[in-house]
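Chemist: Under our numbering, the first residue of the sequence shown is numbered 2, with each subsequent residue one higher. Dropping a structure here in structure tokens format, bear with me for questions.
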Amino acid sequence: MNSGDTLTESRRKTKRFGTIANLWPLCLVNLLGSVCWAGNAATSNYFAVQGPLYDGRPLPDSAIPRLQQLHGLGTLADFSFYYYRNRSPRGLAREIKARGFSWLCGYSSRTTPELVEAFHDEGMAFVLFLWGTIIYSPGTLSPPPPDSGKQVFVGGAQAPDANPVFYCPNSQEYVEWYRKMVHDQVHRVPADMIMMTESFLGEWGGPDATTYGCFCDSCRSRFLQVYPEETNLPDFQNPASPRYWKTNRVLYEKWITFRADSVKKFQQATYDAVIQELPNVAIAGNMLAIDDPQGISKVREYNAQDVNLLANAMPWDFFYLQAHFPDWLKISLDAEQHIRSYVPFLTAIRSNAPKLRVGVTTDSGSNMGMRRSLAWLHACALAAKQDGFSSFAPYEYSISRFIYEEPPTVIGIKPDGAGKKLEVIFSKRVDSSTAQNTSNYTLDSGSNPSQVQFDGGNIATLIFESWQRNRNASIRIVNVKDDWAGFWFKSHAGSGVQFQANTISPNTVLDFYIP
Numbered sequence: 002m003n004s005g006d007t008l009t010e011s012r013r014k015t016k017r018f019g020t021i022a023n024l025w026p027l028c029l030v031n032l033l034g035s036v037c038w039a040g041n042a043a044t045s046n047y048f049a050v051q052g053p054l055y056d057g058r059p060l061p062d063s064a065i066p067r068l069q070q071l072h073g074l075g076t077l078a079d080f081s082f083y084y085y086r087n088r089s090p091r092g093l094a095r096e097i098k099a100r101g102f103s104w105l106c107g108y109s110s111r112t113t114p115e116l117v118e119a120f121h122d123e124g125m126a127f128v129l130f131l132w133g134t135i136i137y138s139p140g141t142l143s144p145p146p147p148d149s150g151k152q153v154f155v156g157g158a159q160a161p162d163a164n165p166v167f168y169c170p171n172s173q174e175y176v177e178w179y180r181k182m183v184h185d186q187v188h189r190v191p192a193d194m195i196m197m198t199e200s201f202l203g204e205w206g207g208p209d210a211t212t213y214g215c216f217c218d219s220c221r222s223r224f225l226q227v228y229p230e231e232t233n234l235p236d237f238q239n240p241a242s243p244r245y246w247k248t249n250r251v252l253y254e255k256w257i258t259f260r261a262d263s264v265k266k267f268q269q270a271t272y273d274a275v276i277q278e279l280p281n282v283a284i285a286g287n288m289l290a291i292d293d294p295q296g297i298s299k300v301r302e303y304n305a306q307d308v309n310l311l312a313n314a315m316p317w318d319f320f321y322l323q324a325h326f327p328d329w330l331k332i333s334l335d336a337e338q339h340i341r342s343y344v345p346f347l348t349a350i351r352s353n354a355p356k357l358r359v360g361v362t363t364d365s366g367s368n369m370g371m372r373r374s375l376a377w378l379h380a381c382a383l384a385a386k387q388d389g390f391s392s393f394a395p396y397e398y399s400i401s402r403f404i405y406e407e408p409p410t411v412i413g414i415k416p417d418g419a420g421k422k423l424e425v426i427f428s429k430r431v432d433s434s435t436a437q438n439t440s441n442y443t444l445d446s447g448s449n450p451s452q453v454q455f456d457g458g459n460i461a462t463l464i465f466e467s468w469q470r471n472r473n474a475s476i477r478i479v480n481v482k483d484d485w486a487g488f489w490f491k492s493h494a495g496s497g498v499q500f501q502a503n504t505i506s507p508n509t510v511l512d513f514y515i516p
């Protein structure tokens with residue numbers, strides 16, 4: 002099949018999920034509290050589904066438990082951030098689960114099979130996150146995208162080699178590179194679902210934006226093939242031109258339609274290849290959404306994302322609305338209104354695909370002033386459920402407000418009586434020097450560990466010379482700090498106020514049983 006236009010209903014049937022096997026029992030987490038590794042996990046979820054999960058769509062029973070997790074609060078993580086580096090996958094998975102998230106969407110270039118398996122071990126779904134035509138940190142990709150595939154902006158300037166870099170969905174060189182990259186990623190990483198984000202043209206503002214495009218030779222050639230009655234593209238610079246976009250609206254509307262169709266076909270070509278090779282991996286569509294009375298038409302015009310085209314482009318298992326940057330940049334952003342403003346997009350999607358599960362993603366702290374708290378994220382999740390969405394996730398876990406403000410706590414403790422070891426799992430990445438300081442841990446017998454093994458993130462394994470077995474015990478932990486070096490923002494811009502590392506409560510005493 003060469004395009005999603007030729008897909009049959011059979012693609013929506015059970016064969017796409019036939020080999021998802023050996024799934025764990027359904028385990029929903031409490032979004033308002035933490036889940037202790039030792040147990041006490043709650044069973045409520047904002048998005049818990051009553052009755053058939055897939056609205057009559059036939060799927061094998063074995064597929065439901067893992068995909069069920071996508072009906073909930075998830076989070077996005079770019080593993081190129083320092084916060085995730087040089088630490089154990091197991092510790093990271095336990096940390097994120099304890100925050101109340103039921104699934105993770107991980108950026109592809111640093112995603113490893115071990116990371117995915119760690120989240121699976123915690124009963125969480127893992128979504129592989131792929132940039133589309135907007136590539137961030139292109140230097141982390143090997144081989145790098147071709148220079149010939151970059152968009153050409155209004156005025157003739159090629160997209161600079163910056164971060165991000167804008168690429169053209171009509172560039173054959175870029176499409177071939179992209180499909181090879183996706184092929185390698187989806188075969189390397191055992192993800193439950195693939196989601197391509199930021200597949201669009203231009204930026205908010207349309208022709209008035211400096212990043213408006215694309216005017217490369219491939220776009221010009223293909224536009225004239227689609228519209229042979231035209232002799233050239235619209236003119237965006239000369240008001241006296243008969244092709245000027247503000248006066249020749251017929252030509253401009255053809256251009257808008259062509260751009261939207263280009264984005265749709267780029268997604269179709271990518272996902273069609275994924276489905277043919279890995280029919281049991283779920284796929285998720287994605288498009289921008291914005292709080293604007295004409296948001297649907299403006300996103301189509303400015304960013305070449307047509308909700309009616311994209312909703313039907315593929316047999317999506319999920320479809321996500323991504324908050325556009327003019328929305329999430331707002332410092333004082335009401336959680337309920339933020340989600341409610343996207344209901345018109347939800348309505349438009351459902352009018353095309355009534356049974357499609359639609360989620361929302363937003364930003365939780367890319368700018369210093371709009372870092373969001375965990376309570377704010379929970380409020381968004383609850384609003385999403387109330388407004389008819391199936392899922393909610395913020396970007397980016399490690400830059401959310403709670404990472405800066407909350408002190409580390411202990412979310413799990415595991416004694417090994419025979420080995421004289423006590424594994425302690427903290428709620429966040431902690432400073433290695435304080436985590437490995439033996440004097441910071443004291444058993445109720447008064448002894449300190451002789452050694453502390455640290456995984457680089459949030460798991461400290463205390464090794465004792467001796468201890469009494471088969472008894473109830475307790476340990477006191479002091480002076481363990483979070484890893485200040487992992488903060489994306491080090492200070493309040495212009496204020497001179499430095500962020501300080503947070504220290505575990507001095508009253509941290511944990512009870513456990515030594516077997």
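Backbone N, C-alpha and C fix where the C-beta goes; we use that ideal spot for every residue, glycine too. Keep in mind it's a predicted model, so treat the numbers as computed, not measured.
Expressed to the nearest angstrom, what Euclidean distance is found between the alpha-carbon atoms of residue 444 and residue 306?
Modeler: 60 Å
Chemist: Residue 173 bridges to which residues according to DSSP?
Modeler: DSSP, once it has assigned bridges, lists no residue as partnering residue 173.
Chemist: Does the beta-carbon of residue 229 have 16 or more other beta-carbons within 10 angstroms, so that it is buried, or is it exposed?
Modeler: exposed
Chemist: Would you mind stating whether residue 193 and residue 275 have Cβ atoms separated by less than 8 Å?
Modeler: no
Chemist: Going by Cα to Cα distance, which pick from 480, 409, 180, 411 is closest to residue 278?
Modeler: 180
Chemist: Would you tell me roughly how many angstroms separate the C-alpha atoms of residue 93 and residue 432, rounded to the nearest one?
Modeler: 15 Å
Chemist: Ends of the alpha helix (DSSP H) at residue 464?
Modeler: Careful: residue 464 lies outside any alpha helix (DSSP H), inside the beta strand (DSSP E) at 460–464.
Chemist: Check for me: the alpha helix (DSSP H) holding residue 378 runs from which residue to which?
Modeler: 375–387
Chemist: Return the first residue and the last residue of the alpha helix (DSSP H) that residue 270 is part of.
Modeler: 250–278
Chemist: Cβ of residue 225 versus every heavy atom of the ligand ADP: is any distance shorter than 7 Å?
Modeler: What this structure holds is no ligand at all, so the ligand ADP is not there to describe.
Chemist: Which first and last residues belong to the beta strand (DSSP E) in which residue 472 is found?
Modeler: 472–478
Chemist: In the structure shown, what three-state DSSP assignment does residue 113 receive?
Modeler: For residue 113, the three-state secondary structure derived from DSSP is coil.
Chemist: Is the number of C-beta pairs between the region 108–117 and the region 183–201 that are closer than 8 Å three or more?
Modeler: yes
Chemist: Let me know if residue 83 comes out buried or exposed under the rule of 16 or more other beta-carbons within 10 Å of its beta-carbon.
Modeler: Exposed, since its Cβ has fewer than 16 Cβ neighbours within 10 Å.
Chemist: So residue 409 and residue 427 are supposed to be a Cβ contact under 8 Å. How far apart are they, rounded?
Modeler: About 5 Å separates the two Cβ atoms, so the contact holds.
Chemist: My understanding is that residue 363 touches residue 312, with C-beta atoms under 8 Å, so please give their C-beta distance in whole angstroms.
Modeler: Actually they do not touch by this definition, with Cβ atoms about 20 Å apart.
Chemist: For the candidate residues 332, 208, 437, whose alpha-carbon lies nearest to that of residue 239?
Modeler: 208
Chemist: To the nearest angstrom, how far is the alpha carbon of residue 34 from that of residue 348?
Modeler: Its pLDDT being 29, under 50, residue 34 is placed unreliably in this model, and the value from its coordinates should be taken loosely. About 32 Å.
Chemist: From which residue to which residue does the alpha helix (DSSP H) around residue 220 run?
Modeler: 218–227
Chemist: Would you kindly work out how many angstroms separate the C-alpha atoms of residue 355 and residue 453, rounded to a whole number?
Modeler: 55 Å
Chemist: Identify, in the order they occur along the chain, each residue of the same chain with its Cβ nearer than 7 Å to the Cβ of residue 330, setting aside the five sequence neighbours on each side.
Modeler: 368, 371
Chemist: Compute the distance between the beta-carbons of residue 321 and residue 197, then report whether it is under 8 Å.
Modeler: Contact annotation: residue 321 and residue 197 have beta-carbon atoms that are not nearer than 8 Å.
Chemist: Would a C-beta distance cut-off of 8 Å place residue 328 and residue 291 closer than the cut-off?
Modeler: yes
Chemist: Residue 348 by DSSP, collapsed to three states: which one?
Modeler: helix
Chemist: Would you kindly check if the distance between the Cβ of residue 174 and the Cβ of residue 149 is under 8 Å?
Modeler: yes
Chemist: Using beta-carbon positions only, say whether residue 96 and residue 459 come within less than 8 Å of one another.
Modeler: Against a cut-off of 8 Å, the Cβ pair of residue 459 and residue 96 comes out as a contact.
Chemist: For residue 233, which three-state DSSP category applies?
Modeler: coil
Chemist: Let me know the secondary structure DSSP gives residue 424 once reduced to three states.
Modeler: If DSSP states are grouped into helix, strand and coil, residue 424 belongs with the strands.
Chemist: Going by beta carbon distance, what residues of the same chain come within less than 7 Å of residue 385, once the five residues before and after it are set aside?
Modeler: 340, 361, 393
Chemist: In whole angstroms, what separates the C-alpha of residue 499 from that of residue 225?
Modeler: 56 Å
Chemist: Apart from the five residues on each side of it in sequence, which residues of its chain come closer than 8 Å, Cβ to Cβ, to residue 345?
Modeler: 296, 297
Chemist: List the endpoints of the continuous beta strand (DSSP E) containing residue 416.
Modeler: 411–417
Chemist: Indicate the three-state DSSP secondary structure (helix, strand or coil) for residue 213 in the structure shown.
Modeler: Coil, per DSSP.
Chemist: Given this structure, state the Cα-to-Cα distance separating residue 200 from residue 135, to the nearest angstrom.
Modeler: Answer to the nearest angstrom: the Cα atoms are 6 Å apart.
Chemist: What does DSSP give as the partner residues of residue 364 in its beta bridges?
Modeler: The secondary-structure analysis by DSSP pairs residue 364 across a beta bridge with 396.
Chemist: Assign residue 251 to one of two classes, buried (16 or more other C-beta atoms within 10 Å of its C-beta) or exposed (fewer than that).
Modeler: exposed
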